[in-house]
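Residue numbers (my numbering): 1 to 713. We treat Cβ as the ideally placed atom computed from N, Cα and C, and that holds for glycine. Single-structure report; data block below.
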């Protein structure tokens, strides 16, 4: 008894009848003005940060390799315009721990026209003029061969030896081969290093592996980029098909809601069933194939993902996952069959509302365009920020005995400095891009701000879409005579109230809270990535708990914000008051929230799953050349999963955009329905605003659980 009374006191009193209440309040005032001002200041600062980044940044620092003097290789308008490849004087030094500490090999690097294609030592190059001329292209421009090989080596103007190499992402890497299981370079297993005599080629491999830390990833990125260049128009066609299918589905849902929901349920089960059948057939076909019995653990990570499709274990895993999803959906349908009828009634009402506010189907395009602008501005600003540093040179000594190792140096005065007297083998090499100015010292904060404000603006755009749609659909629900009592342009009226006149601050407040949580989640993911190699199990456990907690918090805030925006659209109060009223209203109708509102979410998810699955299956058969009639039409790709994955993700986003209108409509109508029950009793003096169809379905007693679903008077 006491606990129940405390709960009733906590969730507040139901809304009282108000004869003056006729839906979305027209007499409003500005809300959360401080947040509005902060948001405008934040956007202004974002523009300033972008301008400063574009002034100082240079994305070429990421695209082109850089020599030891900080000059680009192969960039037009530079001294190295005709020298596109980076050459390491001694790639074996790349096996040094300094590579991991400084992300730079402690050896001289120069830009060259082509990579060497044969073994040769500096000493041997002096035998003929032709060899000397060939060797000189791999030396510093100031190298003077007339001084003899000893002086040239002492001045570190030339490498002691060159080895057959080939370009890999514009870097000269030793041309390794395997002959009868033996590692060779240029058909040789050893080579003269020009200093200590014969050296095994495995020493080259150790250095090449360290120098190759990011090269393989870049190579994969280039292949993916190539796939996009030859398949982009087919990807666009797939996305257009997804858009047309989504639009047709939504239009049919408008007129045939009940039939379409059941057709959707059946088709989802059929599509998943076909997926299970296809995985089984692939699994059977691979029986007896050589190498198909290799386990995923034995194979490890492979950059060519198509390799996994030749393993039985891969298709068995896909089949198990699809079977699990199929069983879960069937079980949910069995237990929720009666709730589905109620959800269909709500969807039918949403269809009628959308029929009176047809412009709501176009509004997701506005949100999409605004989000694209946000992403584009962030995507352009981020590389400029990341490359806005100046060239920083540091002292490198491969022996690790020099006290100056890792300290900054001036490449112009290094040869006359005291450093060489104490560390004869030290070199002043380009390390990275940075700087000592105020801007460069706090560059990390500008990058953090770039991420934070991106989340804030993106969440604001989404919030603007939600409150605009909520205001339009609320004007439909609270119109006693539909559509006579509705505004002429409900979407524009709602958008005007939300953005240009009253509630920019409230939207900024809600999106700010969500953005803070999202940024914390990003930081936790970053820490988790940095601590992957750590052995502290308690730290890993604590980090996992924090990630789980903030994931739950983000989901809760999104749910609360969504309903708060509905209350803002209806009543025009500030964010905190609206969030409190929405939360307590939902708590007073917690049973309906659990069994009705969430069932509609489940049905909409199945609709998105159907569209994505249908388009995804078509994309799979097309890009994998499995449709005989159009095999020659499909492009030849390095990784056919690249366009397939792009089409699947894009199709989901498109379907989500269309279904989000229905989702927002259902949530708005549901919240208005709950409040309508509290304010009115259906009598002539206090009539319900809900439609007769919604009244007949939602207020019909449930014989199995009347205590939980009947009206709570």
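C-alpha gap between residue i and residue j, whole angstroms
i	j	result
residue 270	residue 244	21 Å
residue 74	residue 447	29 Å
residue 675	residue 233	49 Å
residue 653	residue 642	17 Å
residue 309	residue 632	22 Å
residue 332	residue 659	21 Å
residue 115	residue 147	25 Å
residue 686	residue 680	5 Å
residue 224	residue 380	20 Å
residue 465	residue 28	20 Å
residue 490	residue 230	44 Å
residue 414	residue 509	54 Å
residue 171	residue 425	25 Å
residue 272	residue 289	27 Å
residue 335	residue 603	14 Å
residue 569	residue 472	8 Å
residue 459	residue 628	45 Å
residue 279	residue 361	37 Å
residue 252	residue 614	17 Å
residue 663	residue 542	36 Å
residue 57	residue 410	22 Å
residue 420	residue 40	54 Å
residue 71	residue 167	18 Å
residue 117	residue 412	32 Å
Bridge partners - residue i, DSSP secondary structure assignment
i	result
residue 165	174
residue 86	111, 171
residue 72	66
residue 716	Because the chain is modelled from 1 through 713, residue 716 falls outside the range shown and cannot be assessed.
residue 408	394
Three-state secondary structure assigned by DSSP to residue i
i	result
residue 36	helix
residue 367	helix
residue 511	helix
residue 137	coil
residue 746	The structure shown does not extend to residue 746, since the chain spans only 1 to 713, so no value can be given for it.
residue 685	coil
residue 294	coil
residue 486	coil
residue 503	coil
residue 607	helix
residue 481	coil
residue 142	coil
residue 518	helix
residue 598	helix
residue 643	helix
residue 353	helix
residue 149	helix
residue 229	helix
residue 155	coil
residue 289	coil
residue 665	helix
residue 690	coil
residue 578	helix
residue 388	coil
residue 79	coil
residue 561	helix
Inter-residue CB distance, residue i and residue j (contact presumed, cutoff 8 Å)
i	j	result
residue 110	residue 157	The pair is not a contact, with the Cβ atoms about 10 Å apart (cut-off 8 Å).
residue 319	residue 250	Contact flag wrong, Cβ pair sits at about 32 Å.
residue 59	residue 384	7 Å
residue 586	residue 563	6 Å
residue 407	residue 395	5 Å
residue 354	residue 661	7 Å
residue 714	residue 292	This structure does not reach residue 714, given that the chain is present from 1 up to 713, and the question cannot be answered.
residue 616	residue 578	The Cβ separation is near 39 Å, so there is no contact.
residue 507	residue 539	So it is not a contact: roughly 38 Å between Cβ atoms.
residue 153	residue 135	About 12 Å separates the two Cβ atoms, so there is no contact after all.
residue 566	residue 582	7 Å
residue 575	residue 32	6 Å
residue 140	residue 112	With 8 Å as the limit, residue 140 and residue 112 do not qualify as a contact, their Cβ atoms being about 11 Å apart.
Is there contact here, the stretch 31 to 46 with the stretch 500 to 509, by at least three beta-carbon pairs under 8 Å?
With the cut-off at 8 Å, the stretch 31 to 46 and the stretch 500 to 509 touch.
Check whether the stretch 647 to 659 and the stretch 227 to 243 touch, using three or more Cβ-Cβ pairs below 8 Å as the test.
Under the three-pair Cβ rule at 8 Å, the stretch 647 to 659 counts as touching the stretch 227 to 243.
Quick test of the definition: if touching needs 3 or more C-beta pairs under 8 Å, does the stretch 477 to 493 touch the stretch 346 to 365?
Yes, the stretch 477 to 493 touches the stretch 346 to 365.
Within 8 Å, do at least three Cβ pairs link the stretch 45 to 56 to the stretch 509 to 522?
Verdict: no, contact absent.
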